[in-house]
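Visitor: Got a structure for you, written out below as structure tokens; questions coming shortly.
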Amino acid sequence: MESLPVPSVQAMVAATGGADVPSRYLRPEAAADAVAVAGEDQIPIIDYQRLLLDHGEESARLHRVCQDWGFFQLINHSVPDDVVEGMKANIQQFFQFPAEVKKQFTQERGQLEGYGQLFVVSEDQKLDWADMLYLYTQPPEDRNLRFWPDQPANFKSTLDKYSAAVKDIADTLLATMAQSLGLEPKVISDTCVGGIQSVRMNYYPPCAQANKVVGFSPHSDSDLLTLVLQVNHVQGLQIKRNGSWFPVKPLEGAFVVNVGDILEIFTNGRYRSIEHRAVINPNEERLSVAAFHSPHIHAMIGPLKEIVVHEDEAYKRVDHEDFMKLFFSAKLEGKSFLDRMKLKSS
Ligand code: OGA
Ligand code: NI
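The following block contains the structure:
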């Protein structure tokens with residue numbers, strides 16, 4: 016589980032003015048894909064407060080959305096405004112620090128955590144036009160504070176509060192989904208006690224040749240549930256829908272939530288993880304923060320026994336640690352990782 020070191024895109028852009036794109040970042044395939052015309056259509060919206068008070072209506076909607084879209088926006092959530100605003104401000108400040116400051120948190124050989132890039136597994140691989148800071152946030156004993164920035168001064172305390180509040184939402188959503196799937200909530204909740212949460216802060220510099228680069232290669236997330244917060248107003252997230260890329264227009268303060276590969280596997284395909292990517296803006300930087308939620312490390316990753324009573328298992332059963340190693344040892348290529356977890360239909 017390791018990424019090869021790559022230069023910081025932000026530093027490279029600062030040094031060169033950003034007009035010339037080095038060939039390792041040129042992605043001619045990206046511009047060839049169809050993008051859905053930005054119409055009125057939007058990904059569905061789920062109201063968290065209604066879900067909590069609900070007697071079935073909002074949770075039934077959530078269930079349908081997880082089957083039909085795999086993506087939704089969560090409004091009226093429970094993370095306090097000051098924590099959300101604190102996270103945004105800290106992330107923006109962190110990426111504005113001089114390269115020498117950020118370098119102190121650079122990923123170390125053989126580790127995923129820290130400042131740099133993930134999924135870089137060969138020297139000749141094409142690279143994403145982005146820098147990131149990746150940290151394990153839950154369970155608290157898994158934190159490696161060596162990679163947690165000590166400035167801005169409240170970075171650690173804000174991330175600590177954010178992490179707990181967001182995990183609470185993910186746990187609640189998963190318990191609701193379990194019920195809609197006809198399961199006892201604990202069937203999923205038990206795997207989330209001591210569940211792993213990691214946080215990935217993304218920085219996408221502008222690029223004069225924005226349509227020739229990719230901010231985040233097409234992929235599906237490996238986890239159960241991801242909650243993404245837009246840190247500034249610049250859009251860039253696109254999801255694959257009906258064969259073309261569908262731009263997401265985040266609502267102020269909302270989380271963009273998506274089903275990950277493990278939830279697809281747990282539900283034996285009832286819920287689908289959706290391929291998504293991030294594109295680059297020609298003039299403005301874009302920042303986002305994703306919180307990934309996975310079961311605890313000793314959980315088995317496979318279709319839940321309670322789901323496959325009357326049907327064949329469509330996915331392999333893999334130890335969680337092996338699953339993670341496999342995920343991080345390949346470059347991102349759409350849903351190809353999940354395809355390798357599928358059992359051939361006989
Ligand atoms: C991710 C991701 C998209 C974004 O971090 O997995 O898909 O909008 N991020 O930055
Ligand atoms: Ni993602």
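Numbering-wise, the sequence shown is residues 16 to 361 according to the numbering used here.
Glycine included, every Cβ here is placed at the ideal spot set by N, Cα and C.
(1) Go through its chain and collect everything with a Cβ distance to H311's Cβ below 6 Å, but skip five positions before and after it.
(2) So what does DSSP say about G125, is it helix, strand or coil?
(3) Leaving out the 5 sequence neighbours to the left and right, which residues in its chain are closer than 8 Å to Q319 when beta-carbon positions are compared?
(4) Decide if R292 is buried, meaning its Cβ has at least 16 other Cβ atoms within 10 Å, or exposed.
(5) Please identify the residue among Q224, F307, L188 whose C-alpha is closest to the C-alpha of G33.
(6) Measuring CB to CB, does K176 end up less than 9 Å from Q153?
(7) With DSSP run on the structure shown, which of helix, strand or coil describes F343?
(8) Whole angstroms are fine: how far does the CA of H78 sit from the CA of K141?
(9) Below 8 Å on the Cβ atoms is my guess for V333 versus G317; work out the distance and round it to an integer in Å.
(10) Alpha carbon to alpha carbon, what distance is there between D56 and S93?
(11) What is the C-beta distance between Y286 and V274, in whole angstroms, given that I count them as a contact (C-beta under 8 Å)?
(12) Evaluate M339 with the Cβ neighbour count: other Cβ atoms within 10 Å of its Cβ, from every protein chain shown; 16 or more gives buried, anything less gives exposed.
(13) Could you give the DSSP three-state label for Q11: helix, strand or coil?
(14) Is the region 289 to 304 touching the region 217 to 237 in the sense that three or more CB pairs, one from each, lie closer than 8 Å?
(15) Per DSSP, what are the beta-bridge partners of M315 in this structure?
(16) State the Cα-Cα distance for the pair A47 and G230, rounded to the nearest angstrom.
(17) Any heavy atom of the ligand NI within a distance shorter than 8 Å of the CB on H234?
(18) Can you name the start and end residues of the beta strand (DSSP E) that R215 belongs to?
(19) Any heavy atom of the ligand OGA closer than 8 Å to the CB of V28?
(20) Give me the Cα-Cα distance between V98 and V324, rounded to the nearest whole angstrom.
(21) For Y286, is the beta carbon positioned less than 8 Å from some heavy atom of the ligand OGA?
(22) What are the boundary residues of the alpha helix (DSSP H) that includes H78?
(23) Between L302 and Q166, is the Cβ-Cβ spacing less than 9 Å?
(24) Would you check whether the ligand NI has a heavy atom nearer than 8 Å to the C-beta of T187?
(25) Among the residues of its own chain, which have a CB less than 6 Å from the CB of Q122, if the five just before and after it don't count?
(26) Please return the same chain residues whose Cβ sits closer than 7 Å to the Cβ of S361, not counting the five positions on each side in sequence.
(27) Which residues mark the beginning and the end of the beta strand (DSSP E) in which V181 is found?
(28) From A51 to L240, what distance separates their C-alpha atoms?
(29) Alpha carbons only, please: which of P265, L278, R161 is nearest the one belonging to H335?
(30) In the region 85 to 150, which residue ranges form an unbroken alpha helix (DSSP H) of at least 4 residues, counting only runs that do not cross its ends?
(31) Give the straight-line distance between the Cα atoms of A314 and T206, rounded to the nearest whole angstrom.
(32) Less than 6 Å between C-beta atoms, sequence neighbours within five positions excluded: which residues of the same chain meet that for V28?
(33) Here's the rule: buried if 16 or more other CB atoms are within 10 angstroms of the residue's CB, otherwise exposed. What is P164?
(34) If I measure Cβ to Cβ from E73 and keep anything under 8 Å in the same chain, skipping five residues before and after, which residues do I get?
(35) Once you ignore the five residues that flank V80 on each side, which residues in its own chain have a CB closer than 7 Å to its CB?
(36) Tell me the DSSP secondary structure of R42 in three-state form.
Guide: If we stick to the structure as given:
(1) If you ignore the 5 residues before and after H311, its C-beta comes within less than 6 Å of the C-beta of G209, G210, all in its own chain and listed in chain order.
(2) Coil.
(3) Contrary to the premise, residue 319 reads as Leu rather than Gln in this sequence. Hits under 8 Å: L198, V202, I203, F281, T282, N283.
(4) R292 should be labelled buried.
(5) Of the candidates Q224, F307, L188, the one whose C-alpha sits nearest the C-alpha of G33 is Q224.
(6) Going by C-beta atoms, K176 is not nearer than 9 Å to Q153.
(7) DSSP, read as helix, strand or coil, puts F343 in helix.
(8) Going by the C-alpha atoms only, they are around 37 Å apart.
(9) That belief holds up - the Cβ atoms of V333 and G317 are roughly 7 Å apart, short of 8 Å.
(10) Distance between the alpha carbons of S93 and D56 is about 26 Å.
(11) At roughly 5 Å, the Cβ-Cβ gap stays under 8 Å, so Y286 and V274 are in contact.
(12) A residue is called buried once 16 or more other Cβ atoms fall within 10 Å of its Cβ, and M339 is buried on that count.
(13) Outside the modelled stretch of the chain, which goes from 16 to 361, sits residue 11, for which no answer is possible.
(14) Short answer: they touch.
(15) In DSSP, M315 forms a bridge with D334.
(16) Between the alpha carbons of A47 and G230 lies a distance of about 15 Å.
(17) For the ligand NI, at least one heavy atom lies less than 8 Å from the Cβ of H234.
(18) First-last of the beta strand (DSSP E) with R215: 211 to 219.
(19) Checking every heavy atom of the ligand OGA against the Cβ of V28, none is found closer than 8 Å.
(20) Linking V98 to V324 through their CA atoms gives a straight-line distance of about 43 Å.
(21) For Y286, the shortest separation between its Cβ and any heavy atom of the ligand OGA does not lie below 8 Å.
(22) Taken as a continuous stretch (DSSP letters only), the alpha helix (DSSP H) holding H78 covers 72 to 83.
(23) Judged by beta-carbon spacing, Q166 lies beyond the 9 Å limit of L302, meaning their Cβ atoms are not closer than that value.
(24) No, since every heavy atom of the ligand NI falls outside the 8 Å radius drawn around the Cβ of T187.
(25) Excluding positions up to five away in sequence, the list reads G129, G131.
(26) In this predicted model, S361 has a pLDDT of only 43, less than 50, meaning its place in the structure is not dependable enough to derive any value.
(27) Looking at the DSSP string, V181 is not in any beta strand (DSSP E); the run it does join, the alpha helix (DSSP H), is 170 to 195.
(28) Their backbone Cα atoms lie some 25 Å apart in a straight line.
(29) Nearest to H335 by alpha-carbon distance, out of P265, L278, R161, is L278.
(30) Runs of the alpha helix (DSSP H) inside the region 85 to 150: 96 to 111, 114 to 118.
(31) Taking the straight line from one Cα to the other gives about 6 Å.
(32) Exclusion of the five residues before and after V28 leaves P220 as the residues of its chain whose Cβ lies within less than 6 Å of its Cβ.
(33) Classification for P164: buried.
(34) Correct list, in chain order: I61, D62, R65, L66.
(35) Taking C-beta separations shorter than 7 Å and ignoring five residues to either side along the sequence, the partners of V80 in its chain run P59, I61, F87, following chain order.
(36) Correct three-state label for R42: coil.
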